[in-house]
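Everything on this sheet refers to the single structure shown next.
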Amino acid sequence: MDESREVVQKFLEESLLHLNLTVNGEAVHLHVPPTARLVDIIRNEIHLTGTKVSCGIGRCGACSILMNGSLVNSCLVMAYQADQAVVTTIEGVKGGEGLHPIQEAFLEEGGFQCGYCTPGMIIAAKALLEENPHPTDKEIETALSGNLCRCTGYGGIIRAVRRAAEAM
Amino acid sequence: MEPMKASLKRNRERPDGPGKVTGQMKYLSDLAFPGMLYGKIKRSDYPHARIISIDTKRAEQVPGVAAVITHKDVPGLNAFGIVIPDQPVLCEDYVRYTGDAVAAVAAESLAAAEQALDFIDIEYEPLLVVSDPVRSLDEETPNLHPAGNLLHEKTYIKGDVNAAFLSCSAVAEETYELPRQMHTYMETEGGVIIPEEDGGVTVYVGTQHGFQDRFQLSRILNMPEEDIRIVSSPMGGSFGGKDELNIQPYGALLALAAGRPVKIHQTRQESVLSGLKRHPMKITMKTGAGSNGQLLAHQVYILADTGAYSTLGPAILDFAVEHATGPYVIPNVHTEGQSVFTNNGVAGEFRGFGGNQVTFALEGQMDRLAEKLMIDPLELRRRNVRKKDSLGPLGQRIAPVTGASDVLESIAKHQEQTKDLLKDYTDKRKIRGIGSAITMHGGGLGYGRLDPAGGRLRLTEEGKIEAAFGFEEAGQGILGVIETIVTEELGCAAADLSIVIGDTALVPSSGSTTASRGTSMVWQALENMKRAFGSKLIAEAAEVTGVQVDILTLGRGGVFANTRENMNLPVITYSELASQSLDLEKLTVSTEFDFPTTPDEVDAGHFLYTFAGVLAQVEIDLLTGKVKVIDLDQAIAAGPVVNFLGYKGQIEGGGVMGLGYALMEEAIMTEGEYVTKNLDDYLIPGIGDVPFQMKVDAVETLEEGDSYGPRGVGEIGSVAVAPAIAKAVHDALGCWVNKLPVSAEETLLAVNQRRRHQWMKVEK
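So the protein sequences, as listed, match chains S and G.
Take any residue in the first sequence, count from 1 to its spot, add 5: that is its number in the working numbering.
Take any residue in the second sequence, count from 1 to its spot, add 1: that is its number in the working numbering.
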């Protein structure tokens, strides 16, 4: 048994992926299993815990990040799929000196309560507003339909996205 | 307290906001500590079985495993439960639902812990599964607990319903079925438990009552309460679901066994399996009225499926029985409730606490009666709604309040306006309808229940005014409430404050963060403390500066003198006061008191009530039967608004949770097994399911002499939504909804029966 364990261990080590990422503007090099979930890499290896996990199956959007400019659920991305990617997490969302206008709007309009969906929601809103600075309500609905919030009933989130669109 | 109309403009940003919108704030399940292990809990393979043997040897040999625990490793009471500890921490002889824990593992990695779980060998003898609550009390049904399958029953009788039904002109009778709703807090149960060098433990896990967790863990670990520190805030949502212990005992036992920090963060599947749910209830109501619409008799039978263990099942049934008459004055009432054990998932505390189920039934009765009597549904309510000084629903005296008619009139006005707008609506493929409902909801735990509260103010060495409360921030905004009330009552600035909550090492006991009690209790605590604390700071400022006491007041940044030349600059700042004071410790004031209850000896009767009126407009797709909510407006009477942004958020959020309850949500079980396992089959409302604008009308007035201040609104916004939506469906299609969630199949059937779908031939 010990021998086979060693074999397995060696195999696992040899099969580790040399992962290169740019996360919030900084280069990151890691050795990880090729099938490791990107969300776990972000939270446990890079220690950016602003990205959350809630359903783990790509349904709730709590783990939303921008990968090469696109909105993705980081719980559904495996390490090998993310190699060489440019990633923005909530920690990389900033305004000039302080908060990003979307973050300001979420504060002012009550766009969060418990805050657990908020990083993903703000990332999704950012993806929308960067592509479409003046979205209609229907476009807001479509863009945020992959992000669940259990606290606000979405009222504050909708007001926040509308306000951010005006401010940006 | 003066009604604060100005508060409508007060949209204070929350103190926890910046940390949340930047992702910088750490939830307890985000924490990591050096040497930390990962814990996993092995739950039962069967909904009901006898355990023949448990063998952990293979699991212990998995590389990286640091500890494996079973019932043998529980040093104290192997059970938990807030009122009746009947849920085993780790099962020894029987398992009673698929969420029952049998063993737990801590390992160097999550993968190793998961692998070890698979290597725990448990032999079971499957037993007959009790899945139908209706049959739980039958003689041939096996007993799940030594005292039988009846957890609790409660009866309330007033007058003589049988005699009264004889004189009724119209009687409505219906059985309503309410689903098992999941809280679906976005952060699943999790955190880190650390063994301390002195032999104690620190528990970083969210809960709604840190001191209660400490008490329960002390029993389980056989460890003095003083040796246990509970850090219980912040949480990524709870809604009642994290009130009972969840992963804390396993984390603590594993951490003590391994001598290292242990993190457990449940996956959503594990959370679905083991977490509390709202009680599924079957409610039969028979309600009669005279020809003038006056309610004469109301007979109610409530059957609640409490699942495998007690938690707060008895109190929830009591609450449902109390609220079965809602805000109406009915001379003859007979309500019976039974809460029974089954092998289904454990049902327990959930926003609304039994009120949501009975309100759906009661308001359904009002609408059915109105139709029979040919009276407008809101007019029928108007003729029966309680007056300012009416007794409470259990015949107890309550704080005088006109909230019921206030919200009724407000929603009646909304309804007229919405109807006007609807006149011009035409769509061949869709049909719309409008419905309204009202409710009343008790705050606090009720008469005869321990319901203490407290708080503390002090000046810290750093010169901050520390406001300490034993509450937790689950997202509801208690931090914002504390900041608003403390700054307004003391006159200081938010920057002068240091708010401390959710840590048994640092805060006084304030009771549970439940039952819409937090806001009331913070306000009451400040009423009790503000003068004494102000006087102490002023006296000290006078002592230090030599300025006379009677011209000093607390202000933003420090203590000010009421003289022309010193208007803008404090005589002394709070930090100067802290550093120059010779006896800082005396600048502390604390208070202990109880949530106000009725003076009458009525078990579980409430004293402070809030009210809601809901207007729902729905649009039904005639091709698919899908119901979409177009309007969801609420009028709320809960005293003065502390912070309108927070208030509106609670009502909108509660409203949408009620929308989900009405139209989408059910944790389905068959034969004691969850069919719904994650958020792909348990659907909660998404942004596409909600109205983009929801009106919230706050009725802020309090009666003359009402000294109880603002009431909490954590629950009230969720309570009367489902019946308003059900009535709107009826308004559109003419079919009565008696089962939630509303099924598209049934609405489609109704569409076809009424031949609304005119371009399709309907078979005769």
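Ideal Cβ placement from N, Cα and C applies to all residues, glycine included.
Asked, Found
"Per-residue DSSP class, three states only, for G:Gly396", "coil"
"G:Leu9 versus G:Ile688: straight-line alpha-carbon distance, rounded", "Its pLDDT being 46, under 50, G:Leu9 is placed unreliably by the model, and nothing is read from it."
"Unbroken beta strand (DSSP E) run spanning G:Ala102, endpoints", "102 to 108"
"Reduced DSSP category for G:Gly276 - H, G, I as helix; E, B as strand; rest coil", "coil"
"Secondary structure of S:Val37, DSSP reduced to three states", "strand"
"Backbone secondary structure at S:Ser75 - three-state DSSP", "strand"
"Segment contact flag, the stretch 12 to 24 of chain G with the stretch 475 to 485 of chain G, C-beta cutoff 8 Å, min 3 pairs", "yes"
"G:Ala475: contacting residues in chain S (beta-carbon distance under 8 Å)", "Cys119"
"S:Val91 at chain G interface by Cβ criterion, 9 Å", "no"
"Sequence-distant residues of its chain with Cβ nearer than 7 Å to G:Lys678 (five each side left out)", "Gln270, Val273"
"G:Leu370 burial status per 10 Å Cβ neighbour count (16 or more: buried)", "buried"
"Counted within 10 angstroms of its Cβ, other Cβ atoms place G:Met282 as buried (16 or more) or exposed", "buried"
"Chain-ordered residues of the stretch 667 to 700 of chain G with a beta carbon less than 7 Å from chain S", "Asn679, Leu680, Asp681, Ile685, Gly687, Ile688, Gly689, Val691, Phe693, Met695"
"Residue interval of the beta strand (DSSP E) (run including G:Arg457)", "453 to 460"
"C-beta atoms of G:Leu111 and G:Ala256 nearer than 9 Å", "no"
"Rounded C-alpha distance that separates G:His153 from G:Gly314", "8 Å"
"Cβ contact (3+ pairs, closer than 8 Å) linking the stretch 152 to 168 of chain G and the stretch 290 to 306 of chain G", "yes"
"Which of helix, strand or coil DSSP assigns to S:Glu8", "helix"
"Collapsed DSSP secondary structure at G:Ile121 in the structure displayed", "coil"
"Chain-order list of residues whose beta-carbon lies under 6 Å from that of G:Lys21 (same chain, five-residue window excluded)", "none"
"Cβ pair count under 8 Å reaching 3, the stretch 78 to 97 of chain G against the stretch 235 to 243 of chain G", "no"
"CB contact flag (G:Ile399, G:Gln618, <9 Å)", "no"
"Beta carbon proximity, G:Met665 to chain S, threshold 9 Å", "no"
"Span of the alpha helix (DSSP H), counted from its first residue to its last, around G:Ala165", "162 to 167"
"Near the ligand MG: S:Glu11 beta-carbon under 8 Å from a heavy atom", "Among the components modelled here there is no ligand, and therefore nothing to report on the ligand MG."
"C-beta neighbour in chain S for G:Lys414, strict 9 Å", "no"
"With 16 other Cβ atoms within 10 Å as the buried cut-off, status of G:Pro127", "exposed"
"Cut-off 6 Å between Cβ atoms - residues of its own chain near G:Gly160, not counting five sequence neighbours on either side", "Pro332, Asn333"
"Inside the stretch 210 to 291 of chain G only - beta strand (DSSP E) runs reaching at least 3 residues", "229 to 232, 263 to 266, 282 to 290"
"DSSP bridge partner residues for G:Pro196 (one or two, in chain order)", "G:Val202"
"Proximity to G:Val691 [Cα-Cα], best of S:Leu71, S:Gly161, S:Ala170, S:Arg168", "S:Gly161"
"G:Met2, DSSP secondary structure in three states", "Confidence at G:Met2 is low in this model, with a pLDDT of 36, below 50, so the placement of that residue should be treated as unreliable; the coordinate-derived value is given next. Coil."
"Assigned secondary structure, G:Asp421 (DSSP; H/G/I helix, E/B strand, else coil)", "helix"
"Same chain only: Cβ atoms within 7 Å of G:His146, ignoring 5 sequence neighbours per side", "Asp87, Phe342"
"Bridge partners - G:Ser54, DSSP secondary structure assignment", "G:Glu124"
"In chain order, each alpha helix (DSSP H) run of at least 4 residues that lies wholly inside the stretch 637 to 722 of chain G", "645 to 664"
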